Amino acid sequence: MTTLTFTTLFNILSLFALLSSALTAAHEPNSHLRQHHRDLLKSLNHPYQPHPQARATPDGTAAYTPDNSLHFEYPRRNFKINSRKYKKLTKLLPKILKNANSITTHSWELGCFTETLLEVYNPALTPFEWDSEYEADGGKCQKLEFGEIPWNVLKIAKNSLVAYDWTGSPSSTSGSASQTAQNTSIETDFAIRGLGSLQDYFSESTSPVPHIPKALINGDGALGDPVSLVPAIWILAQFSENHLVKLGLGGKSAADYAWALGNQLDYLFSGIRAPNNNTISQREDHFELWADMMYMIPPSLSYLGLSLSSEEYMKYGLEQWSLETSALLDTTVNIYRHVHDWDTRLWATGNGWGVYGGIRNIYSAKASPFASTFSQEISQAEDTLLKIFERLFNELDDHYLIPNYMRQVNATLAVGDTAGTALTVAAYYRFVKLCPDKVNDALTRLAERAFDAVVAKIDKEGWVTHAVDPMGTYGWVVYPNDPNMHSPEAQAFAAKMWKARTKAGV
């Protein structure tokens, strides 16, 4: 196929997707509802105030603009599942993902969304259905044809780095004799070792060019959130040497992306830690632990352990999740606290982040060559997750949703949340597939009721309603009567829930 023909085909496909996306009207929040939110917050005796150190603020900026040309295909459902709500969710999934794409802008949202797209459309690139030929030295990414390439993930990953400063990267040389010789050495090494040579860029001690420690994308003050993009950027690095990707997507070289990952890892590992046990902080400028970070940091490190066959990264990921669990799990009720100091309440979405991060960790470890090495850590994590699932599904409200804040006297804070419920259900169905001997019919029935409850709150346009305000604009509260309160997380979590149940087959 000539370059002209390929480019023409690529543009036709993109135009078709763009025309399709134009059919959905924009959803803008109403000013009277925003005022209602403020009034509601004042009436709650709610300890939350807009926190200057929150993960993101209403005016937080992110150097990313959604690409509305992306197209999301209908997935293949599991015909063994006869649930009407499951069939409904299957039909709505392209709309759900399209909506998610339209409102996803922040670092943690991008990390979650790209991972979700991989789970739905390219599961062999995830720990859940890992194909060992995707290991860094396998070279499979370079050989795939057009229909096998995760185009949406690659586009989002590339665009998320639009503001990245590439000064000092392997390709940003000025042409001096020493730099030319260095580049020749890099190219020769790549020709001999292939993608396996890229991991040299992850460590300052082995990188062919010096690191400049910094985040991949603006994290709005969070150290951990940009780390959620590590798997997507690593996949982008590997696919960037595919000739079709070079023609259709362009972008930086594999070495440049690997170097950026090395900078991100340096920035993470040089961040603030707990003095007594080495737990990495979620925040950049002070020590703070959030349940959310259990999805961002540990599974990204364990994914590198899987992809690179690196025992070191696998150990990092498993250790950090265990340390975060020790700090945040309220063992009197087996539910995670939201933040270790200023919000110790039991937040549904935080628990979803925590259990799903643990599930990703375990799947990575079991799919790696180190499953026996870390068998004790895996077993302990499985036991912990089971206890949390048992507790969370026994917290379901009368509508079978997990309360936004559990065990709250104030009914408004305890309104059922579709976002946290969906991610918890997704994690549970992954657990069913992983540990069928540890679950029971009663627990699975509760999970199905929660699944149905989430789907019941998805409108015909594919918007997941009844979800907590993800930005905590006026507090992390669910506004059940506001149809325009949209959550990027809730959209992605619903898709994760669909895929997890599809794979579990129950």
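Our numbering numbers the first residue of the sequence shown as -12 and each following residue consecutively. Each residue gets a CB set at the ideal place from its N, CA and C atoms; glycine is no exception. Being a predicted model, the structure only gives us computed values, none of them experimental.
Nearest-angstrom Cα separation, counted from residue j out to residue i
i    : j    : result
D428 : K82  : 32 Å
P470 : G208 : 30 Å
L276 : Q363 : 25 Å
R63  : D272 : 45 Å
G126 : E120 : 7 Å
D456 : G407 : 11 Å
K85  : R432 : 30 Å
A440 : L388 : 6 Å
R270 : A261 : 12 Å
G515 : G492 : Nothing can be reported for residue 515, as the shown portion of the chain is limited to -12 through 493.
S156 : Y466 : 46 Å
D118 : N250 : 27 Å
V508 : Y188 : As displayed, the chain neither begins before -12 nor continues past 493, which places residue 508 out of reach and without an answer.
L79  : N263 : 48 Å
E102 : I204 : 16 Å
E369 : N381 : 19 Å
S1   : P53  : Because the pLDDT of S1 is 48, which lies under 50, any placement of that residue in the model is unreliable, and the number read from its coordinates should be weighed accordingly. For S1 and P53, the distance between alpha carbons rounds to 14 Å.
I267 : Y254 : 11 Å
E526 : Q186 : The requested residue 526 is not part of the displayed model; the chain covers only -12 to 493.
N265 : A479 : 31 Å
L379 : V402 : 15 Å
N519 : I136 : Residue coverage of the chain in this structure runs from -12 to 493, which leaves residue 519 outside it and unanswerable.
Cβ neighbours of residue i in the same chain (closer than 7 Å, five flanking residues each side left out)
i    : result
K145 : L223, L236 and G238
T489 : R64 and N65
Y244 : I220, L223, A224 and S227
K374 : N321
S159 : W153
M280 : G211, Q269 and E311
F438 : K72, V412, M484 and R488
G134 : none
Buried or exposed by the 16-neighbour rule on C-beta atoms within 10 Å, applied to residue i
i    : result
K67  : exposed
K142 : buried
H230 : exposed
S18  : Because S18 sits at a pLDDT of 46, beneath the cut-off of 50, its placement in the model cannot be relied upon, and the following sentence gives the value as read from the coordinates. Counting Cβ neighbours within 10 Å, S18 comes out exposed, since fewer than 16 surround it.
S194 : buried
L347 : For the record, residue 347 in the displayed sequence is Arg; it is not Leu. So R347 counts as buried.
W138 : buried
K483 : buried
W329 : exposed
V232 : buried
N190 : In the sequence on display, residue 190 carries Ser and not Asn. Classification of S190: exposed, given that the 10 Å Cβ count is below 16.
S359 : exposed
V214 : buried
D424 : exposed
T399 : buried
F256 : exposed
T319 : exposed
T371 : buried
Three-state secondary structure (DSSP) of residue i
i    : result
Y61  : coil
M525 : Any question about residue 525 goes unanswered here, given that the chain covers just -12 to 493.
G403 : strand
D424 : coil
G134 : helix
S243 : Residue 243 is actually Asp in this sequence, not Ser. Helix.
W329 : coil
Y387 : coil
I349 : helix
H19  : Confidence is the limiting factor: at H19 the pLDDT is only 46, short of 50, which leaves the residue's position unreliable, though a coordinate-based value still follows. Here H19 sits in helix by DSSP.
W450 : coil
A477 : helix
I68  : coil
W308 : helix
I365 : helix
W117 : coil
W340 : helix
Sequence-distant residues of the same chain with beta carbon closer than 6 Å to residue i, five excluded per side
i    : result
T113 : L105 and E106
Y323 : A278, L315, L316, G337, N338 and G341
V217 : S287
W463 : V455
W405 : Going by the sequence as given, residue 405 is Thr instead of Trp. Only V441, K444, V451, H453, A454 and A477 meet the Cβ criterion.
A335 : I389, N391, D404 and G407
Any non-hydrogen atom of the ligand SAH closer than 7 Å to residue i Cβ
i    : result
I375 : This structure lacks the ligand SAH, and indeed carries no ligand of any kind.
Residue i - partner residues in DSSP beta bridges
i    : result
G462 : T460
D317 : I322
V455 : V465
R260 : I267
W277 : V326
A209 : R270
I445 : V451
N334 : In the sequence as displayed, the identity of residue 334 is Trp instead of Asn. DSSP output for W334 lists Y392 as bridge partner(s).
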